[in-house]
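**Student:**
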Amino acid sequence: MTTDRIATPKLPQQKTTIKAILFDLDGTLLDTEALSDRAVLDAFGNSLSSSRRQKWRDPNRLPWELKRRILGLRGSEWIPIVLKYAADNWGVVVLENDDERKSVVGDEVPPCPSVNEFWMKWENRLNELCRDVQACAGAGKIVSEFAKLRIPMAIATSSRAASVRKKRFRHEDMFKHMSAIVTGDDPNVRNGKPAPDIYQEAAKRLNVDTCDCLVVEDALQGVLSGKSAGCRVIAIPDPRMDKEEFGMADLVLDSFWEFDGEIWGIDVKMGSSV
């Protein structure tokens, strides 16, 4: 374990027996975050000039100061944040309503799409890019190990159901072990992360109390959601994140390969990718 990158974990004072595992999806099980960034930028279309993007260090990645604010949020919540940032920093024209949009038809630089249109464009582009999405380091292995022990598992993701169906295409080896998949557009999830709704619903579908569940998350909003639901939480954050920000998590790891289930009453020790 590389302790220089890990915040000091708050281990349970006594061994805790975990009865179910609840996973986030994007950035936790599937390495979609870089693809998501590219899809966000592509969704602007001609409203964000390609010449501006080409001047960036990486024309296919969102600035970290923006990315860190939207990790774990539902589209209805993060898209307005992105559009405002684009208007303030990239000179993108953002219109409040359809009347304003009609009044600028024919302008040389078109306004960016509305929130709903942007959401659709982003999802369509991300679905195209996710055909070859890879699993996060150690994800397939740890899911397999939990399955051998017959530990119930579920996914709780802010992504919409249609998007999840596309992302899972090459990863049925993981998804087949999930007893439930709760998505951001599920009618039983009234409030998105960091509210507890989605993890409460996932635990309910597994017929397990939230206090007996272990949540695995990469985003601060997701960690807050899991803790608010009463779950134990492991954070595996983006390496650009300050680990100290995840102090409310029960444990912070660099990857699944560092997982040792002894403190959770789980006979799984990942150890090494070799």
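By numbering that gives the first Met the number 0, the letter at position 224 of the sequence shown is numbered 223, and the numbering carries on one by one without gaps.
For glycine and all other residues, C-beta sits at the position ideal for the given N, C-alpha and C.
All values derive from a computational prediction rather than experimental measurement.
(1) To the nearest angstrom, how far is it from the Cα of I78 to the Cα of R51?
(2) Should V163 go down as buried or exposed, given a rule of 16 or more other Cβ atoms within 10 Å for buried?
(3) Could you give the distance in angstroms between the alpha-carbon of M277 and the alpha-carbon of S143?
(4) In the DSSP assignment, what residue or residues form a beta bridge with V215?
(5) Of the residues E95, E122 and D184, which one's Cα is nearest the Cα of A160?
(6) Tell me which same chain residues have a C-beta within less than 6 Å of the C-beta of L223, skipping the five on either side of it?
(7) Starting from the Cα of I69, find the closest Cα among D57, P58 and L82 and give me that residue.
(8) Does the beta-carbon distance from F22 to V215 come in below 8 Å?
(9) V181 lies in the beta strand (DSSP E); which residues open and close that run?
(10) If you follow the alpha helix (DSSP H) that I141 is in, where does it begin and where does it stop?
(11) Does A155 come out as helix, strand or coil in the three-state DSSP assignment?
(12) Which complete alpha helix (DSSP H) runs does the stretch 46-111 hold, if anything under 4 residues is left out?
(13) Rounded to whole angstroms, what is the Cα-Cα separation between R204 and I154?
(14) Going by the beta-carbon positions, is the gap between R60 and A33 smaller than 8 Å?
(15) Could you work out which residue in D217, L47, W55 and W118 is closest to V92 when comparing CA atoms only?
(16) May I ask which residues mark the beginning and end of the alpha helix (DSSP H) holding D41?
(17) Would you say F278 and V267 are within 8 Å of each other, going by their C-beta atoms?
(18) What are the boundary residues of the alpha helix (DSSP H) that includes S163?
(19) With distance defined between alpha-carbon atoms, name the residue in A136, C129, E244 and N88 nearest to S35.
(20) I need the boundaries of the alpha helix (DSSP H) containing F117, first residue and last residue.
(21) Starting from the C-beta of A138, find all residues in its chain whose C-beta is less than 8 Å away, skip the five residues before and the five after it, and write them out in chain order.
(22) So who's on the other strand from D184, going by DSSP bridges?
(23) Just reading off the alpha helix (DSSP H) that F174 is part of, what are its end residues?
**Tutor:** Checking against the coordinates, here is how it stands:
(1) 20 Å
(2) buried
(3) Residue 277 is absent from the structure shown; the chain starts at 0 and stops at 273.
(4) F22 and I233
(5) D184
(6) P193
(7) L82
(8) yes
(9) A179 to V181
(10) A138 to K147
(11) A155: strand per DSSP, three-state reduction.
(12) 49-53, 63-69, 74-88 and 97-102
(13) Rounded to the nearest whole angstrom, the C-alpha separation of R204 and I154 is 11 Å.
(14) yes
(15) Nearest of D217, L47, W55 and W118 to V92, Cα basis: L47.
(16) If you look at D41, you'll find it in the alpha helix (DSSP H) that goes E32 to A42.
(17) Nothing can be reported for residue 278, as the shown portion of the chain is limited to 0 through 273.
(18) The question names Ser, but residue 163 is Val in the sequence shown. Note, V163: alpha helix (DSSP H), A160 to K166.
(19) C129
(20) V114 to L128
(21) T27, L28, L29, M173 and F255
(22) By DSSP's assignment, D184 forms no beta bridge with any residue.
(23) E171 to F174
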